[in-house]
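Working notes for the structure below.
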Amino acid sequence: LSRVNQRSPVNGETYQERLTRLEGDKESLVLQVSVLTDQVEAQGVKISDLESSLEEHQHKLDSTEEMLRQELLSRTSLESQKLDLMGEVSYLKLKLVDMEEKQIHGVERKHKAEVILQELRLFKEKVDHLEDQKSQYERRLKATKVKHVSLPPLLLCLDCTSSAQIPLLTTAFLNHVQSAFLPRGLQGEDLEPNQFRRGGLRATAGPRLTRTPESGSSVRDMNTPFSQWTREQVCGWLEDYGLGQYVNLTRQWVDNGQTLLSARPQDFEKEMGIKHPLHRKKLQLALRGFSTKALEKSSELDHIWVTRWLDDIGLPQYKDHFHEGRVDGRMLQYLTVNDLLFLKVTSQLHHLSIKCAIHVLHVNKFNPHCLRRRPGEERNPSPSEVIQWSNHRVMEWLRAVDLAEYAPNLRGSGVHGGLIILEPRFSSETLAMLLNIPPQKTLLRRHLATAFTSLVGTQATLEKREYANATGHAPLTTTAKVRPKKLGFTHFSHLRKRSPDNLADYICPIDSGGLSAMNGVSHRPYTGVRGLSPILDREPERQEQVGPKS
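Numbering-wise (the numbering used here), the sequence shown opens with residue 2 and increments by one.
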């Protein structure tokens, strides 16, 4: 029985052997546990080292992000300063062009004045020669009187007559030359017939020969009706009005202001040589203002201001054409589609931009400082504030919503607050297309759409969406072109019946009571901007789209 108990029923080994084997296994396990413990401690040290290095790299990453943020802010400020400097440089260039034109006119006047002065010197020499002959004749007459006392008194009468004719002739000729050729600044000086005064005008005084606006306003009495203005006053007004290149022909044709008021449009081209259609239109609008005596606030804005206004609405590429056409504030009210096409404005988006910008001027009564170029203190601007944003202000808004890298793409796009608010087809998709945001960047476009909705308001966004879902709607694209209207045979019978002030022809009609159409596209206003939009009719109309020109 004891032998049976000492044997294992399974392997045939004794319990003592099994116990010895288990103790050996225990020692090996203890050894393995100690080895594993050492390894765990080593890995714990490595983990702590990695955590410390991770914290160090995180700190470096934070500092790098802060430096990048500071660099981005400095770059944004530099870009805004660059925009300001570019605007100032363009303004100075236009000023330089005007000064060069005035200098050219001044050189011409200087040359004429020098020629006249040379003629006056020759005439003075002739007068001196005549006076010498006169003194010789007087001496001879006195000697003859002494010798022949008994001569009849007729000789004395002839002597008096001949001595008085020369000064009278001298005075008449000087007055005629002074009124016909000398600048108005020199006409007030009376030249004595017996004394030729030097020093009244220096030969090198080129700028003094040009007429400044102050001198022109002093010569012209604005209370005097235009029909009673003299030839020189009319010519001076033309130079002030930016049409100085037509002064020479005007001086030959015009007698007074009534000549221009009673002239026909074809007379301006025939007699004054005005070939430019916008120059003729500018002159006709000014003469109509003189005839009606209506005070228009837009008449105070000259063509130099209009070029800066094009900078503000984001269309600086057309400044040269507008400056060449001498487009001023008064002409902006009466611009037509054909006028813009003549000024090389063919993009449909740019037509809409100019239309909305002109309407903003109408709403603000042509206040020259109505557009805002820099952000103010407003937190959540209302549509009435956004509508006055310039192109630079919209770019600042893009920087504020973390889209600074795309903001420079708006230069030359024509995007301003008036276009964003007043144009129903202008949406966040249109803005994304103008910013050149790729379509695959859906998160970025969604972020722009959210910021655009908060800018224009929920009501305007819903109505823009409703307008986009309307039947026959064509989205606004950057490639759509405006084509001139072609008259069919049925329109020729109505050409003579149409008045020149037909509001349907204007890019932005003055009368905002009815439905306004732009290139065949009817617009509806927003409820949120009632009073700001040029359209007050809420009824849907048939929409005719102008197809893109290939």
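The beta-carbon is built from N, C-alpha and C at its ideal position, and this holds for glycine as well.
Asked: Beta-carbon contacts of residue 429 that lie in its chain and below 7 Å, excluding the five residues immediately before and after; Found: 449, 450, 453
Asked: Proximity below 8 Å, CB of residue 415 to CB of residue 316; Found: yes
Asked: Three or more C-beta pairs below 8 Å linking the region 405–414 and the region 435–442; Found: yes
Asked: Cβ-based burial, residue 327 [other Cβ within 10 Å; buried from 16]; Found: buried
Asked: Simplified DSSP state of residue 231, which is helix, strand or coil; Found: strand
Asked: Alpha-carbon spacing of residue 378 relative to residue 299, whole angstroms; Found: 29 Å
Asked: Range covered by the alpha helix (DSSP H) that runs through residue 465; Found: 459–469
Asked: Where the alpha helix (DSSP H) containing residue 285 begins and where it ends; Found: 278–293
Asked: Supposed close pair residue 331, residue 286 - CB separation, criterion 8 Å; Found: 5 Å
Asked: Opening and closing residue of the alpha helix (DSSP H) in which residue 316 lies; Found: It is not in any alpha helix (DSSP H) - residue 316 carries neither H nor E in the DSSP assignment.
Asked: N- and C-terminal bounds of the alpha helix (DSSP H) containing residue 361; Found: 349–364
Asked: Residue 245, buried or exposed, once every other Cβ within 10 Å from all chains shown has been counted against 16; Found: buried
Asked: Limits of the unbroken alpha helix (DSSP H) element including residue 480; Found: Run containing residue 480: none; DSSP gives neither H nor E here.
Asked: Pair within 8 Å by beta-carbon distance, residue 292 and residue 257; Found: no
Asked: DSSP bridge partner residues for residue 257 (one or two, in chain order); Found: 231
Asked: Contact under 8 Å by Cβ, residue 485 with residue 342; Found: yes
Asked: Residue 384 and residue 457 closer than 8 Å at C-beta; Found: yes
Asked: Own chain partners of residue 274 with C-beta closer than 7 Å, once the 5 adjacent residues on each side are dropped; Found: 247, 250
Asked: Backbone secondary structure at residue 373 - three-state DSSP; Found: strand
Asked: Per-residue burial, residue 417 [other beta carbons within 10 Å of its own, 16 or more giving buried]; Found: buried
Asked: Proximity of residue 323 and residue 344 at Cβ, strictly below 8 Å; Found: yes
Asked: Exposure label - residue 480; buried when at least 16 CB within 10 Å; Found: exposed
Asked: Euclidean distance between Cα positions of residue 279 and residue 354; Found: 21 Å
Asked: Opening and closing residue of the alpha helix (DSSP H) in which residue 346 lies; Found: Segment: none, residue 346 is in no alpha helix (DSSP H) and carries neither H nor E.
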